[in-house]
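Engineer: For the first sequence, counting from 1, position 1 maps to -19 in this note's numbering; every step adds exactly one.
For each residue, glycine too, the CB sits at the ideal point set by N, CA and C.
Sharing a structure below in structure tokens format, with a few things to ask.
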Amino acid sequence: MGKVRVRFAPSPTGALHIGGVRTCLYNYLFAKQNGGELIFRIEDTDSTRFVPGAEQYIIESLEWLGIKFDEGVSYGGDHGPYRQSERRDIYRKYVDQLLESGHAYIAFDTAAELEAKRNEIKNFQYDATTRMQMRNSLTMSAAEVKNLIDNGEKYVVRVLIEPNEEIIVHDLIRGDVHVNSSILDDKVLYKSADNLPTYHLANIVDDHLMEVTYVIRGEEWLPSAPLHVLLYRYFGWEESMPQFAHLALLLKPDGNGKLSKRDGDRLGFPVFPLEWHDPKTGDISSGYRESGYLPEAVINFLALLGWNPGNDQELMTMDDLVRLFSLERCSKAGAKFDFEKGKWFNKEYLQLADNHRIALMMMKDIEAAGIHADISMVEDVVKYMKSRVSLIKELWPLCSFFWIAPTGFDEKAVAKRWKPETHSMMCELREKAAAWEDYSDIEGFESYMKAWCEEKGYGLGNVMNPFRLMLVGELKGPAMFELTSILGKEETLRRIDYALSKLN
RNA sequence: GGCCUAUUCGUCUAUCGGUUAGGACGCAAGAUUUUCAUUCUUGAAAGGGCAGUUCGAUUCUGCCAUAGGCUACCA
């Protein structure tokens, strides 16, 4: 057995769906684990569905997530070109091979004629039972066919499925799937209208030419896998046919059906890795990156949606996943997309992440609010506040008070914590605070203040809560002296003075 | 309608014939805490239904139900 070669082959019809990301991830993990290669191929044989920017979007998304290709579009390699629209000449040759060997034929039926047939015969299928009633090279003379083609008549090439053959698809996840060829139809392999093959033909030819050894793709392809097996057979490539693995689909969190772009908008979570601006509709769909997710969290979360290492381990790096992944442990049933769990993963990774990195990301939100912040201070804020959030974008609304001094005070908190004797206590506290120099000494300042409370017989709750209220405006924020260490002496005293002038 | 695939707590899942059916998310309660969060403890929560194989089925087989996919000159 040669080198393991797998491929991820999306169509550039829009943003890369999170389910597609997972398929790509599994391909990547499988390739890396086996010292193999991952190919990036663009399947753009349907020119009518092409969306500009989609290809670049897919590349950028996967780069953000840390999935690297060994060859393909924008990566290069010896098996190119990797865009199917650039492989026209290659396919034509194989279409002719099938035509010559009698495994395919030319059909002239128009869309209208086909439609009429479908109305006429219930469950009409273009196959052994019907093809002799149609306008094709099986029912017409060679001269007639040639004449039609010469006159520029549009035609398609259909595969000629031999009925009553037992086809077995060996699936690495599901075991053997048996299908009788009679239920298959004579699929269109090639259309003269644009001189392009359809998915089925292009897929088989490319996988063969690119020496793909494993096809790991979504379950939606399982029904056409028998056709693909047949095509390998008709081409005489059965010996080198890749092994198949069909992944269970990602389902909607609620209700029925597979996860779609709409669900994200409807339920309020991203289904795309990056924010996507649809060039046709102008719609903007949110992305994981812009929503404040860490790529490693998305990867970990996605990896576990339909696969598990066989034990209770849940937090895994890409390296762990490469080591642990196995197709045999992929689940056969579709997984509902659990957004809450995704958030939990992100929270976990946020705690593990380098504070400087998070600070850099948070800085964007701070600047968007028109604040000029010092990165080292942002880093400190992140250090003390990140345990309270799941998403990076939640940080700024929670922490804005570090940069924006309170101008009002939460009424409920005041009612509860600001008692008649509080004002004089806080005046005393102000003096103590003014007398202390090193605000960066968190423990020192804290024990100094606690000693004062004890000496005076003041309850900690009666001092700390009003203190916090003066500095923050409400009862939130990090530990009291972490807060003062970030604010610094000058700002702390300034806020106290302002509060004392407003509250009494 | 036809074909294919699947079916364990609300969700993601473990179990490869014998377990008090385990873990995680979420939820609830409690402890800790100067706020919030963290952390810790505890709790509620599952084998779709009916047959069969077997000493014994969540696990194997069949049927039914349900769910998902496919059924295009889309991928």
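#1: Got a sec? Which residues, its chain only, sit under 6 Å from residue -9 by beta carbon, not counting five neighbours each side?
#2: For the alpha helix (DSSP H) that residue 355 lies in, which residues bound it at each end?
#3: Compute the Euclidean distance between the alpha carbons of residue 471 and residue 458, then round it to the nearest angstrom.
#4: For residue 42, which residues of its own chain have a beta-carbon under 7 Å away from its beta-carbon, when the five flanking residues on both sides are left out?
#5: Give me, in chain order, the residues of the same chain whose beta-carbon lies closer than 8 Å to that of residue 369; leave out the 5 immediate sequence neighbours on both sides.
#6: Which two residues bound the contiguous beta strand (DSSP E) that contains residue 194?
#7: Between the segment 384 to 394 and the segment 409 to 427, are three or more C-beta pairs nearer than 8 Å?
#8: Just to confirm, is the Cβ distance from residue 381 to residue 468 under 8 Å?
#9: Grab the span of the beta strand (DSSP E) containing residue 160 for me, first residue to last.
#10: For the beta strand (DSSP E) that contains residue 495, what are its first and last residues?
#11: Could you tell me which residues DSSP puts in a beta bridge with residue 139?
#12: Is the beta carbon of residue 117 sitting closer than 8 Å to the one on residue 71?
#13: For the pair the segment 120 to 132 and the segment 173 to 180, tell me if three or more CB-CB distances fall below 8 Å.
#14: Residue 74 and residue 47: beta carbons closer than 8 Å?
#15: Going along the chain, which residues of its own chain have a beta-carbon closer than 7 Å to the beta-carbon of residue 359, five neighbours each way excluded?
#16: Given residue 410, which residues of its chain have a CB within under 6 Å of its CB, disregarding the five upstream and five downstream residues?
#17: Could you please give the first and the last residue of the uninterrupted alpha helix (DSSP H) stretch that includes residue 393?
#18: Do residue 262 and residue 254 come within 8 Å of each other at the CB atom, strictly closer than that value?
#19: Buried or exposed for residue 28, going by 16 or more other Cβ atoms inside 10 Å?
#20: Can you give the Cα-Cα distance for residue 311 and residue 283, rounded to whole angstroms?
#21: Leaving out five residues on either side along the sequence, give the residues of the same chain with a beta carbon under 7 Å from the beta carbon of residue 166.
#22: From residue 357 to residue 60, what does the alpha carbon distance come to, in whole angstroms?
#23: In three-state DSSP terms, what is residue 31?
#24: Go to residue -15, then tell me how far its beta strand (DSSP E) extends in each direction, as first and last residue.
#25: Apart from the five residues just before and just after residue 309, which ones in its own chain have a Cβ nearer than 8 Å to its Cβ?
#26: Between which residues of its own chain and residue 272 is the CB-CB distance below 6 Å, once the five residues before and five after are set aside?
Structural biologist: Checking against the coordinates, here is how it stands:
#1: The count along the first sequence starts at 1 and reaches residue -9 at position 11. Excluding positions up to five away in sequence, the list reads 23.
#2: Residue 355 sits at position 375 when you count from the first residue of the first sequence. Note, residue 355: alpha helix (DSSP H), 355 to 365.
#3: Walking along the first sequence from the start, residue 471 turns up at place 491. Walking along the first sequence from the start, residue 458 turns up at place 478. About 16 Å.
#4: As a first step, residue 42 must be located in the first sequence, where it is residue number 62. The beta carbon of residue 42 lies closer than 7 Å to those of 4 in the same chain, with the five residues before and after it left out.
#5: Here residue 369 refers to the residue found at position 389 when the first sequence is read from its first residue. The residues are 327, 330, 375 and 378.
#6: In the first sequence, counting from the first residue as 1, residue 194 sits at position 214. Unbroken beta strand (DSSP E) run through residue 194: 194 to 198.
#7: Taking 8 Å as the limit for Cβ pairs, the verdict is that the segment 409 to 427 does not touch the segment 384 to 394.
#8: Walking along the first sequence from the start, residue 381 turns up at place 401. Walking along the first sequence from the start, residue 468 turns up at place 488. Result no, Cβ atoms of residue 381 and residue 468 do not sit closer than 8 Å.
#9: Working through the first sequence from its first residue, we reach residue 160 at position 180. 155 to 160 is the span of the beta strand (DSSP E), which, as asked, contains residue 160.
#10: There is simply no residue 495 to check, as the chain begins at -19 and stops at 484 in what is shown.
#11: Sequence index remark: in the first sequence, residue 139 carries index 159 (1-based). Partner(s): 84.
#12: In the first sequence, residue 117 corresponds to position 137, counting from 1. In the first sequence, residue 71 corresponds to position 91, counting from 1. No, the Cβ-Cβ distance between residue 117 and residue 71 is not below 8 Å.
#13: Counting C-beta pairs with one atom in each stretch, the segment 120 to 132 and the segment 173 to 180 have fewer than three that are closer than 8 Å, which means they do not touch.
#14: On the first sequence, position 94 is the one that residue 74 refers to. On the first sequence, position 67 is the one that residue 47 refers to. Residue 47 sits away from residue 74, with the two beta carbons spaced by 8 Å or more.
#15: Residue numbering aside, residue 359 sits at position 379 when the first sequence is read from its first letter. The residues are 335, 336 and 339.
#16: Along the first sequence, read from residue 1 onward, the residue named residue 410 stands at position 430. Excluding the 5 residues flanking it on each side, residue 410 has same chain C-beta neighbours closer than 6 Å at 476, in chain order.
#17: The sequence position of residue 393 within the first sequence is 413, counting from 1. From DSSP, the alpha helix (DSSP H) with residue 393 extends over 391 to 397.
#18: As a position in the first sequence, residue 254 is number 274, starting the count at 1. As a position in the first sequence, residue 262 is number 282, starting the count at 1. Pairing residue 254 with residue 262 gives a Cβ-Cβ distance that is not under 8 Å.
#19: If you number the first sequence from 1, residue 28 lands on position 48. Exposed, by the Cβ-count rule.
#20: On the first sequence, position 331 is the one that residue 311 refers to. On the first sequence, position 303 is the one that residue 283 refers to. Straight-line spacing of the CA atoms in residue 311 and residue 283 works out to 12 Å.
#21: For this step, residue 166 is matched to residue 186 along the first sequence. Cβ within range, chain order: 106, 107, 111, 138, 139, 140 and 141.
#22: Working through the first sequence from its first residue, we reach residue 357 at position 377. Working through the first sequence from its first residue, we reach residue 60 at position 80. When only Cα atoms are considered, residue 357 and residue 60 end up about 50 Å apart.
#23: Within the first sequence, the letter at position 51 stands for residue 31. Here residue 31 sits in coil by DSSP.
#24: Here residue -15 refers to the residue found at position 5 when the first sequence is read from its first residue. First-last of the beta strand (DSSP E) with residue -15: -15 to -12.
#25: Working through the first sequence from its first residue, we reach residue 309 at position 329. Same-chain partners within the cutoff: 287, 288, 289 and 290.
#26: Mapped onto the first sequence, residue 272 falls at position 292. Cβ neighbours of residue 272 beyond the five flanking positions: 371, 372 and 373.
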